[in-house]
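Notes follow the structure.
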Amino acid sequence: MTDSTAPGGTFAAEAFKVPENTGKNTRIIAACNKSGGSVKTTSVTALAAEAARLKLKVLVIDADDQRDASHILGYDDPDQDENLLTLWDVVDGLGTLEEAIVPARMGEGGEPIPNLWLVPASRELDNFDLNMAGEQAREMWLMKHIQFVRGRFDVVFIDCPGDLKLIVTGVLLCTDEVMACVKSQEKEIRALTELESKIASIREDFKYLSNLPELRWIVVGEGVTDKGQGKVYQQAEDQLRAAYGEMVLKPTVRRSVRVPGAYSAQIPLTLFAPKEDASLEYKEIAKSMGLFKKAA
Ligand SMILES: Nc1ncnc2c1ncn2[C@@H]1O[C@H](COP(=O)(O)OP(=O)(O)O)[C@@H](O)[C@H]1O
Ligand SMILES: [Mg+2]
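Going by the working numbering, the sequence shown opens with residue 12, and the numbers climb by one from there.
Structural data, given as structure tokens:
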């Protein structure tokens, strides 16, 4: 990361440097669900931006070859930018995780967002399982690198692809809090049981490790509020709350046209439209998850 990425010369550049290791507790939260289009990236970027606004030091690791979190945090095509290292480059040995961290930006080429950093994704992650086929202990692919973030950030979000393959296995092995993201539809809620089985099998196969993943949070997004259409959604949501209780974060995030608008602008929803209902809902969820700086 060079000083030229920050406006206002050396003093301002300090503010966007990767935080020092102060030995603080670092929460690692992975957004997962087997299905795509289940509001993972929208939720990660909105909650990360809100936590950063509330003065936490926040890192988003984009582990999805679709690169949507990178896009929303101001980097549309990391593979084309020769100044950037991507998560795949780190796995491939071209650099360290530290070197891959960049400040999140308000839009492509925009101002850095205070307290928010990104490890961009690469489209190469699409070939991950194939590329890693011959590697020893390949499930540990992220574990080798994640140590760097501990003690520096308050919270690290990992935005996962919509499957449960090798990338996600490696992410789960570094995660304590799994945040499942779902739309309130039966199909998506059924995908949750597959995520639960995956977590259970990891807990069994790796029981000798000290950190094991746990399904901790469920974000329900893009809920429909109009009466006609809303009934089926409401039933699905009620079932979800009956089955998972407190894990299901309140409130449900409502459908909003500002979400695609924020995506096009490459700005997290909560910064793009802070007064929008969906943003206020994400802010409340951030509070329930304890994503704010606590008084010393
Ligand atoms: N609250 C919302 N209102 C309207 N559209 C939404 C909302 N949340 C997500 N979306 C849209 O749904 C699609 C999937 O969301 P996304 O967060 O990208 O899911 P995932 O990362 O799980 O694939 C995107 O097109 C996104 O813009
Ligand atoms: Mg996504």
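Just so it is clear, CB atoms sit at the ideal spot from N, CA and C, and this is done for glycine as well.
Residue burial classification, residue i (beta-carbon count within 10 angstroms, cutoff 16)
i: ALA42; result: buried
i: PRO271; result: exposed
i: PRO125; result: exposed
i: GLY250; result: It is worth fixing the name first, because residue 250 is Gln in this sequence and not Gly. When all chains shown are included, GLN250 counts as exposed.
i: ALA253; result: exposed
i: THR16; result: Since pLDDT at THR16 reaches only 47, below the 50 mark, its modelled position is unreliable, and the value read off the structure follows with that caveat. It counts as exposed.
i: THR107; result: exposed
i: LYS51; result: buried
i: ALA74; result: buried
i: GLN277; result: buried
i: ASP140; result: exposed
i: GLU257; result: exposed
i: GLY120; result: exposed
i: ALA211; result: exposed
i: VAL243; result: exposed
i: ASN36; result: exposed
i: GLY145; result: exposed
Check: residue i C-beta below 7 Å from any heavy atom of ligand 2
i: ASP75; result: yes
i: LYS28; result: no
i: LEU51; result: Before going further, note that residue 51 is Lys rather than Leu in the sequence given. Within the cutoff, so yes.
i: ASP100; result: no
i: ASP88; result: no
i: ASP170; result: yes
i: ASP79; result: yes
Heavy atom of ligand 1 within 7 Å of residue i beta-carbon
i: CYS192; result: yes
i: ALA211; result: no
i: ASP92; result: no
i: GLY272; result: no
i: SER299; result: no
i: GLU3; result: The chain is shown from 12 up to 307; residue 3 falls before or after that span and cannot be answered.
i: ALA63; result: no
i: ALA289; result: yes
i: ARG265; result: yes
i: GLY104; result: no
i: GLU205; result: no
i: GLU233; result: yes
i: GLY47; result: yes
i: GLY173; result: yes
Distance between residue j and residue i (C-alpha atoms, nearest Å)
i: VAL328; j: ASP92; result: In the structure displayed, the chain extends from 12 to 307; residue 328 sits before or after that span and is not available.
i: TYR219; j: GLY118; result: 43 Å
i: ILE72; j: LYS176; result: 17 Å
i: PHE217; j: GLN147; result: 16 Å
i: LEU206; j: LYS198; result: 13 Å
i: LEU70; j: ILE200; result: 28 Å
i: SER195; j: SER208; result: 20 Å
i: MET143; j: ASP100; result: 13 Å
i: ALA115; j: ASP76; result: 18 Å
i: ASP14; j: LEU260; result: Bear in mind that the predicted position of ASP14 carries a pLDDT of just 46, short of 50, making it unreliable; the figure below should be weighed with that in mind. Between ASP14 and LEU260, the C-alpha separation is close to 39 Å.
i: VAL264; j: LEU96; result: 33 Å
i: ALA289; j: THR56; result: 13 Å
i: THR281; j: ILE296; result: 12 Å
i: THR180; j: VAL113; result: 25 Å
i: GLY19; j: ILE169; result: Since pLDDT at GLY19 reaches only 47, below the 50 mark, its modelled position is unreliable, and no value is offered.
i: LYS298; j: ARG38; result: 15 Å
i: ARG163; j: ARG149; result: 26 Å
i: LEU98; j: ALA132; result: 5 Å
i: GLY173; j: ASP137; result: 12 Å
i: ILE178; j: VAL189; result: 14 Å
i: MET12; j: ASN94; result: Reliability of the predicted coordinates at MET12 is poor, the pLDDT of 47 falling under 50, and the value obtained from them is presented with this limitation in mind. Distance between the alpha carbons of MET12 and ASN94: 9 Å.
i: ASP103; j: LEU153; result: 11 Å
i: LYS68; j: ALA59; result: 9 Å
i: ARG214; j: MET151; result: 14 Å
i: LEU223; j: CYS185; result: 8 Å
i: ALA191; j: ALA24; result: 35 Å
Proximity test, Cβ basis, 8 Å: residue i and chain C
i: MET258; result: The structure shown contains no chain C; it is built from a single protein chain.
(message) Whether or not the region 154-169 and the region 23-37 are in contact is what I'm after, with contact meaning three or more pairs of Cβ atoms, one per stretch, closer than 8 Å; do they touch?
(response) Yes, the region 23-37 is in contact with the region 154-169.
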